[in-house]
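Using our numbering, read the sequence shown as starting at 1031 and increasing by one per residue.
Where a beta carbon is used, it is the ideal one built from N, C-alpha and C, also for glycine.
Since the structure is predicted, the reported quantities are computational estimates derived from the model, not experimental observations.
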Amino acid sequence: MLTGVAEIEQDHERPRAYRVAELAEAAGVSVRTVRFYRERRLLQPPRKEGRIAWYGEEHLARLRLIAELLERGHALGGIAELIGAGEDGRDVAELIGLQAALVAPWSDETPVHLGWDELRAAFGDQLTEANTAESVAQGYITVRPDGITHVSRRLMDATVALVDEGVPLAAVLAVSRRAAEYADAMADLFVALIRDQLLGALTRVQNLTPAEAARLTELVQRVRPLARAVNDAQFTLAMDRRVRAEYGGPTVP
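See the structure below:
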């Protein structure tokens, strides 16, 4: 009786083995996907017994990791690099954390949906095909049968407020297009500054240690609010200079 119990316990402790179809089902992918990952060396080789390939829990964990990285927007090439780093004895979690910090959204804008009746009430006869097309071209709105969805509630509210103050919608959109161009230029400057002066180690990502990846992740997280603060200060100081030049006033050093 005790022998039977021991055998049951040993069976319970023995790692689960999967055939390829069982592994695919457990991971929620197709057999073809499993084989594709094997061909791309994203998945470790199985254990062979004769003509049967056996996969284990480590293979299932790898498939789930790949699925998570794909969901986060990683390309397969980048996933292969991260996984290759982990197989070289380094902590892939640290590299994933660094990648997540680098590509995390800077904006915290909330989309807003407005129906056509709301839009007509806000813009009246300025709700023209030309103005709508310009908004679409700038990437701010998506037109739907029941109205539009704007990517930023704050920008939408500001647009409505400016029109309420008597600024033509076409003029608001023209300034918006120019402002976006300048904002893109500022973003290019800061991306280059951070890349060239702070993140030089990323040019040798294949050699990063977990400690270096963790340090760079913390660095990125510290620099992000500094970049926003500099842009905000630069804009307000520029407004001071331009307003003084346009309307006069005391000179401020």
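Beta-carbon contacts of residue i that lie in its chain and below 8 Å, excluding the five residues immediately before and after
i	result
I1082	R1049
L1053	V1064, Y1085, H1089, L1090, L1093
V1193	A1152, F1153, Q1156, L1199, V1202
L1149	L1157, G1177, I1178
Contact check, residue i vs residue j, beta carbons under 8 Å
i	j	result
V1133	M1186	no
V1253	L1219	no
L1072	A1110	yes
V1181	V1173	no
Simplified DSSP state of residue i, which is helix, strand or coil
i	result
W1084	strand
T1179	strand
G1107	helix
I1038	Reliability fails at I1038, whose pLDDT of 38 lies under 50, so the model's placement of it is uncertain and no value is given.
L1090	helix
R1272	helix
V1059	coil
G1145	strand
E1052	helix
R1046	coil
E1079	strand
R1158	Sequence check: residue 1158 is Thr here, not Arg. DSSP places T1158 in coil when its eight states are reduced to three.
E1174	Per the sequence shown, residue 1174 should be read as Arg rather than Glu. R1174: strand per DSSP, three-state reduction.
Q1168	coil
G1127	helix
Inter-residue Cα distance where the pair is residue i and residue j
i	j	result
E1139	G1107	30 Å
M1216	R1271	19 Å
Y1212	G1177	29 Å
M1269	A1200	22 Å
T1179	A1051	43 Å
A1130	P1255	16 Å
A1047	L1246	38 Å
V1059	G1127	25 Å
V1061	R1102	23 Å
N1161	G1196	16 Å
L1144	G1169	16 Å
A1275	N1261	21 Å
A1204	E1164	9 Å
V1250	T1239	17 Å
A1188	E1069	52 Å
A1057	D1226	40 Å
I1113	E1079	26 Å
W1146	L1223	44 Å
W1136	V1273	29 Å
F1265	E1055	55 Å
P1175	E1159	14 Å
I1171	F1066	38 Å
Close Cβ partners of residue i (< 7 Å) along its chain, the five nearest in sequence each way excluded
i	result
E1088	Q1074
G1119	Its pLDDT being 49, under 50, G1119 is placed unreliably in this model, and the value from its coordinates should be taken loosely. Here the set comprises nothing.
S1206	Q1168
A1257	F1220
Interface flag, residue i vs chain C, CB-CB below 8 Å
i	result
R1274	Among the chains in the structure shown there is no chain C, since it carries only a single protein chain.
Contacts around residue i, its chain only, beta-carbon distance under 6 Å, and the 5 residues preceding and following it disregarded
i	result
R1077	W1084
R1183	T1140, V1142
V1190	A1152
L1267	none
Write down every uninterrupted run of the alpha helix (DSSP H) in the segment 1198 to 1269 whose length is 4 residues or greater and which is fully enclosed by it, in chain order. Those alpha helix (DSSP H) runs which fall completely within the segment 1198 to 1269 and span 4+ residues are 1199 to 1227.
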